[in-house]
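The letter at position 57 of the sequence shown is residue 97 when you use my numbering, and the numbering goes up by one with no holes. Every residue, glycine too, gets a C-beta built ideally from N, C-alpha and C. Worksheet: the structure to be examined is printed underneath.
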Amino acid sequence: MDLAANLETIRHRIKTACDRCDREPNSVTLLAVTKTQPPEIVSAAADLGLPVFGENKVQEAKAKIPLCAGKLRWHFIGHLQSNKCRDAVELFQMIQSVDSLALAREINRRAAEAARTMPVLLEVNLAGEASKFGYRPEQLLAGLKEINSLPRVEIHGLMTVPPWTPDAEDSRPHFRRLRELKMECEQILGAPLPHLSMGMSGDFGVAIEEGATMVRIGTALFGPRRQPKPRVTEN
């Protein structure tokens with residue numbers, strides 16, 4: 041793996057996508073997804089100028105983040121269970137995957153205990169996939185004001201994971217719908233929401249064309265995920 045070359049390629053692709061839609065490349069945050077990657081790989085990425093990293097599992101992050109530089113910013117991007125909210129509030133600068141009012145309330149409670157305010161993104165399941173978490177659009181719009189009323193939770197935008205497809209263009213309608221949904225949310229709240237987190241290694245160029253402000257990239261940057269070593273038992 042040539043991490044520097046991979047990063048250069050991704051940055052070039054981000055710039056090219058931004059040029060296509062008349063955006064500045066610095067309007068897009070590259071969030072490096074470090075699931076299964078060890079602290080030394082995180083450090084190598086940070087040395088190349090990456091400041092923002094994403095983790096999918098609280099337990100993995102709890103072991104990894106203390107071993108990484110304190111200047112880094114960490115976002116939680118996986119499904120968050122209520123019993124992990126205390127750790128998530130302590131470890132992360134943003135939780136991108138708030139998918140229910142009950143979870144938002146628990147984050148609010150844990151943030152109050154920690155005397156902090158928690159920036160969040162609301163996860164939307166645009167395709168209604170049973171295997172994925174997230175609000176359906178109509179549920180989000182109906183419950184938005186109640187989430188926004190929580191004093192220790194700050195809504196910064198929306199996040200989505202579209203259905204997997206080998207053709208990035210197939211994801212475009214989902215990205216476009218999330219952008220439209222963000223505008224609907226802004227009308228309800230009477231305030232701008234700065235972020236759309238959408239697009240991963242295979243489709244982030246299309247996501248940028250449709251308004252992504254954060255792209256979550258793992259395999260294009262780090263290569264295939266590392267598989268855990270099998271346990272060795274003695275005979």
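Using a threshold of 8 Å, state whether the C-beta atoms of residue i and residue j are closer than that.
{"i": "Leu47", "j": "Pro79", "result": "no"}
{"i": "Ser137", "j": "Met199", "result": "yes"}
{"i": "Arg150", "j": "Val129", "result": "yes"}
{"i": "Leu71", "j": "Ile50", "result": "no"}
{"i": "Ala142", "j": "Ser122", "result": "yes"}
{"i": "Leu236", "j": "Glu226", "result": "no"}
{"i": "Gly245", "j": "Met41", "result": "no"}
{"i": "Asn165", "j": "Tyr175", "result": "yes"}
{"i": "Lys104", "j": "Asp127", "result": "no"}
{"i": "Ala144", "j": "Val193", "result": "yes"}
{"i": "Asn148", "j": "Leu120", "result": "no"}
Identify whether residue i lies in helix, strand or coil by the three-state DSSP scheme.
{"i": "Gly94", "result": "strand"}
{"i": "Arg113", "result": "strand"}
{"i": "Asn275", "result": "Because the pLDDT at Asn275 is just 45, under 50, the model does not fix this residue reliably, and the value given afterwards should be weighed accordingly. If DSSP states are grouped into helix, strand and coil, Asn275 belongs with coil."}
{"i": "Glu205", "result": "Checking the sequence, you will find Thr at residue 205 rather than Glu. Coil, per DSSP."}
{"i": "Arg150", "result": "helix"}
{"i": "Ile50", "result": "helix"}
So which of the options has the shortest CA-CA distance to residue i?
{"i": "Asp87", "options": "Leu184, Glu194, Ala109, Arg216", "result": "Ala109"}
{"i": "Ile283", "options": "Arg265, Gly251, Ala103", "result": "Because residue 283 is not part of the residues shown, which for the chain are 41 to 275, the question remains open."}
{"i": "Met134", "options": "Met254, Leu261, Gly263", "result": "Met254"}
{"i": "Leu252", "options": "Gly230, Ala260, Ala231, Ser211", "result": "Checking the sequence, you will find Ala at residue 252 rather than Leu. Checking every option, the nearest Cα to that of Ala252 belongs to Ser211."}
{"i": "Leu162", "options": "Thr56, Met223, Leu184, Arg156", "result": "Leu184"}
{"i": "Glu64", "options": "Glu100, Ile248, Ala72", "result": "Ile248"}
{"i": "Met223", "options": "Cys61, Leu181, Asp59, Ala57", "result": "Leu181"}
{"i": "Met240", "options": "Ala170, Val73, Lys104", "result": "Val73"}
{"i": "Glu178", "options": "Lys172, Ser171, Ala167", "result": "Ala167"}
{"i": "Lys97", "options": "Gly89, Ile81, Val82, Gly118", "result": "Gly118"}
{"i": "Trp204", "options": "Ser171, Ser67, Lys111, His52", "result": "Ser171"}
In terms of DSSP beta bridges, what is residue i paired with?
{"i": "Leu198", "result": "Leu162, Leu236"}
{"i": "Ala247", "result": "In DSSP, Ala247 forms no bridge with anything."}
{"i": "Met134", "result": "His115"}
{"i": "Leu71", "result": "Arg256"}
{"i": "Val193", "result": "Met158"}
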